[in-house]
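Each remark here refers to the structure printed beneath this line.
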Ligand code: PMP
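Numbering (my numbering), first residue to last: 13 to 428.
Next comes the structure, spelled out in structure tokens:
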């Protein structure tokens, strides 16, 4: 109890004020107040993001980059402002290094198709880890199969940490890319990406960091990290769905060719030959997700107004608080027990399927995720069919965690 109380007090900020920014938190689910603990899947949106999208449609809806008229110029201005804000949000040197995508998955596919595939030959290797999301496995598997290349998988320990020595041993002259998640969506493990990048640089191997679970929860600085590529999704950083960011070093933006053709990316077109514009627009064929970029810019503003360090501290406090309460549930096995974690807790129980737990928790108004979390190889490693996962966002409270554990106790009684 001592620990719980002290972790509650370690960090205090006005979470009630934050909660007022999120209209959905007012709603009820199954006649209970919504307790949303599925933030690793997607987060709720603050009013400022909803307003930014609605203002775009109310005030200056128009296509970007092609019009001389006022509305088009306003829309283009806001769209490009979003690119500048994205660069600042992750510490990129310039907006010229920011490509708007549909999300993390889309960004990884772009790097696989446009950067790695043309450089990949028979027998070459792609290094991944055991804890990758399917989005950071399948795009590589697709090009590996096409080019007769091989995936090499770095192992993890029982506590869900990357085994660095083994990772290092996998690197060879055949390695063409290392693609690693910054934070595991299933376990919350924060990988030592600086170390990974340092090893990669010594061997002149490019690195892609899957930032889907780091960008929303911690201050990221791609320039000092010195990764080649960093990808994340708008909907996990309090922005809209259907928009994401691919950061690529400018030299890569210049050297890569687009893998999707269409309007907006060209300099000249004849039936014989097309030349492309320079910079990130080369990879944004067709009318882009304008409302998405504008909503995302508002999300960056929102996160900055709270402060990424504050967000990390708050979620770390919630993580410690919840972890200490799990000690009252010895029958629960936590998947991912390393010290260095973000606000995600996955757990499994023998003979109780996570779907049953999730379905019953929903009756209490609690949203958690159940299943394999798009990490089937990781589930196989831990020999579980799936887990129940609670994951925290900026608006979660210790009271919600108390409520969760009260409900969990009742649910486990019902199921045993
Ligand atoms: N990687 C990780 C680590 C994730 O958590 C997710 C989303 N769960 C993705 C990739 C894929 O993101 P999206 O579906 O937004 O493309």
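For glycine and all other residues, C-beta sits at the position ideal for the given N, C-alpha and C.
Being a predicted model, the structure only gives us computed values, none of them experimental.
Can you round the beta-carbon distance between residue 61 and residue 311 to whole angstroms, since I take them to be within the 8 Å contact cut? Reading the chain shown from its first residue, position 49 is the one you call residue 61. Reading the chain shown from its first residue, position 299 is the one you call residue 311. Correct: roughly 5 Å between the Cβ atoms.
Thinking C-alpha only, which one of 380, 231, 211 is nearest residue 325? Here the question's residue 325 lines up with position 313 in the chain shown. Comparing Cα positions, the closest option is 231.
Does the distance between the C-beta of residue 386 and the nearest non-hydrogen atom of the ligand PMP fall short of 7 Å? As a position in the chain shown, residue 386 is number 374, starting the count at 1. Checking the Cβ of residue 386 against the ligand PMP gives yes.
Measure from the alpha carbon of residue 375 to the alpha carbon of each residue in 339, 350, 418, 209, then state which is nearest. In the chain shown, counting from the first residue as 1, residue 375 sits at position 363. Taking only the C-alpha atoms, the option nearest residue 375 is 418.
Which residues in the same chain as residue 136 place their Cβ atom closer than 6 Å to its Cβ, once the five residues preceding and following it in sequence are excluded? Position 124 of the chain shown, counted from the first residue, corresponds to residue 136. Answer for residue 136: 161, 186, 188, listed in chain order.
Nearest-angstrom beta carbon gap, residue 308 and residue 111 [assumed within contact, 8 Å]: Looking up residue 111 in the chain shown gives position 99. Looking up residue 308 in the chain shown gives position 296. 13 Å between Cβ atoms; not a contact.
Relative to the alpha-carbon of residue 348, which residue among 174, 73, 91, 117 has its alpha-carbon at the smallest distance? Here residue 348 is taken as the residue at index 336 of the chain shown, counted from 1. Minimum Cα distance to residue 348 is reached at 174.
Kindly indicate which three-state DSSP category residue 416 falls into: helix, strand or coil? Mapped onto the chain shown, residue 416 falls at position 404. Of the three classes helix, strand and coil, the one that applies to residue 416 here is helix, per DSSP.
Give a yes or no on contact between the stretch 216-231 and the stretch 119-139, applying the rule of three or more CB pairs nearer than 8 Å. With the rule of 3 Cβ pairs closer than 8 Å, the stretch 216-231 counts as touching the stretch 119-139.
Could you check what DSSP says for residue 29 in three-state terms: helix, strand or coil? Walking along the chain shown from the start, residue 29 turns up at place 17. It is helical.
Any heavy atom of the ligand PMP closer than 7 Å to the beta-carbon of residue 301? By one-based count along the chain shown, residue 301 stands at place 289. Flag unset: Cβ of residue 301 not near the ligand PMP.
Could you have a look at residue 371 and say whether DSSP puts it in helix, strand or coil? Stepping through the chain shown from its first residue, residue 371 is reached at position 359. Looking at residue 371 - three-state DSSP - the assignment turns out to be helix.
Rounded to whole angstroms, what's the CA-CA distance from residue 428 to residue 360? Just pull it up for me. Along the chain shown, one-based indexing puts residue 428 at 416. Along the chain shown, one-based indexing puts residue 360 at 348. In a straight line, the C-alpha of residue 428 is about 14 Å away from that of residue 360.
So, with DSSP's three-state summary, where would you put residue 40? Here residue 40 is taken as the residue at index 28 of the chain shown, counted from 1. In the three-state reduction of the DSSP assignment, residue 40 falls in the strand class.
If we count the other Cβ atoms within 10 Å of its Cβ and call it buried at 16 or more, is residue 412 buried or exposed? For the purposes of this step, residue 412 is identified with residue 400 of the chain shown, where counting begins at 1. Note on residue 412: 16 or more other CB atoms within 10 angstroms of its CB, so buried under the neighbour-count rule.
Can you give me the C-alpha to C-alpha distance between residue 88 and residue 67, rounded to a whole angstrom? By one-based count along the chain shown, residue 88 stands at place 76. By one-based count along the chain shown, residue 67 stands at place 55. The straight-line gap from Cα to Cα measures roughly 15 Å.
Taking Cβ positions, are residue 11 and residue 353 nearer each other than 8 Å? Residue 11 cannot be examined here, being either before or after the span of the chain that is shown, 13 to 428.
Residue 179 by DSSP, collapsed to three states: which one? Along the chain shown, read from residue 1 onward, the residue named residue 179 stands at position 167. The answer is helix: DSSP assigns residue 179 an H, G or I state.
Own chain partners of residue 15 with C-beta closer than 7 Å, once the 5 adjacent residues on each side are dropped: For this step, residue 15 is matched to residue 3 along the chain shown. With a pLDDT of 48 at residue 15, under the threshold of 50, the predicted position of this residue should be treated as unreliable, though the coordinate-derived value follows. Cβ within range, chain order: 336.
Measure the Cβ-Cβ separation of residue 34 and residue 58 and say whether it is below 8 Å. Along the chain shown, one-based indexing puts residue 34 at 22. Along the chain shown, one-based indexing puts residue 58 at 46. Yes; because the gap between Cβ atoms is below 8 Å, this pair is in contact.
Taking 7 Å as the line, does the beta carbon of residue 222 fall inside it for any heavy atom of the ligand PMP? As a first step, residue 222 is located in the chain shown; it is residue number 210 there, counting from the start. Yes - the ligand PMP has a heavy atom lying nearer than 7 Å to the Cβ of residue 222.
Within 10 angstroms of its Cβ, does residue 474 collect 16 or more other Cβ (buried), or is it exposed? Past the boundaries of the shown model lies residue 474; the chain is included only from 13 to 428, so the question cannot be answered.
What do you reckon, is the C-beta of residue 172 under 7 Å from a heavy atom of the ligand PMP? The count along the chain shown starts at 1 and reaches residue 172 at position 160. No, since every heavy atom of the ligand PMP falls outside the 7 Å radius drawn around the Cβ of residue 172.
Any heavy atom of the ligand PMP closer than 7 Å to the Cβ of residue 56? Here the question's residue 56 lines up with position 44 in the chain shown. Relative to the ligand PMP, residue 56 has its C-beta separated by 7 Å or more from all heavy atoms.
Between residue 421 and the rest of its own chain, which residues show a CB-CB distance below 6 Å, the 5 nearest in sequence each way excluded? As a working mapping, residue 421 is identified with position 409 in the chain shown. Cβ neighbours of residue 421 beyond the five flanking positions: none.
Just to confirm the assignment, what range does the beta strand (DSSP E) spanning residue 242 have? Position 230 of the chain shown, counted from the start, is the residue given in the question as residue 242. According to the DSSP assignment, residue 242 belongs to the beta strand (DSSP E) that extends over 241-245.
Are residue 387 and residue 367 closer than 8 Å when you measure CB to CB? As a first step, residue 387 must be located in the chain shown, where it is residue number 375. As a first step, residue 367 must be located in the chain shown, where it is residue number 355. Here residue 387 is not near residue 367, since their CB atoms are 8 Å or more apart.
In the DSSP assignment, find the unbroken alpha helix (DSSP H) run with residue 329 in it and report its ends. As a working note, residue 329 is residue 317 in the chain shown. That run of the alpha helix (DSSP H) goes 320-338.
Among 204, 202, 212, 92, the one whose alpha carbon lies nearest that of residue 182: The residue you call residue 182 lines up with position 170 of the chain shown. Comparing Cα positions, the closest option is 212.
Considering Cα atoms alone, identify which of 271, 400, 423 is closest to residue 50. As a first step, residue 50 must be located in the chain shown, where it is residue number 38. Closest in alpha carbon position to residue 50, among 271, 400, 423, is 400.
What does residue 379 pair with, by DSSP beta-bridge criteria? Taking the first residue of the chain shown as 1, we reach residue 379 at position 367. Under DSSP, the beta-bridge partners assigned to residue 379 are 48.
Does the stretch 195-209 come into contact with the stretch 233-241, if we say contact requires no fewer than three beta-carbon pairs (one atom in each stretch) closer than 8 Å? As far as the Cβ criterion goes, the stretch 195-209 touches the stretch 233-241, which means the pair count is three or higher.
DSSP has residue 353 in a bridge; who is on the other side? As a position in the chain shown, residue 353 is number 341, starting the count at 1. Answer is 201, bridged to residue 353.
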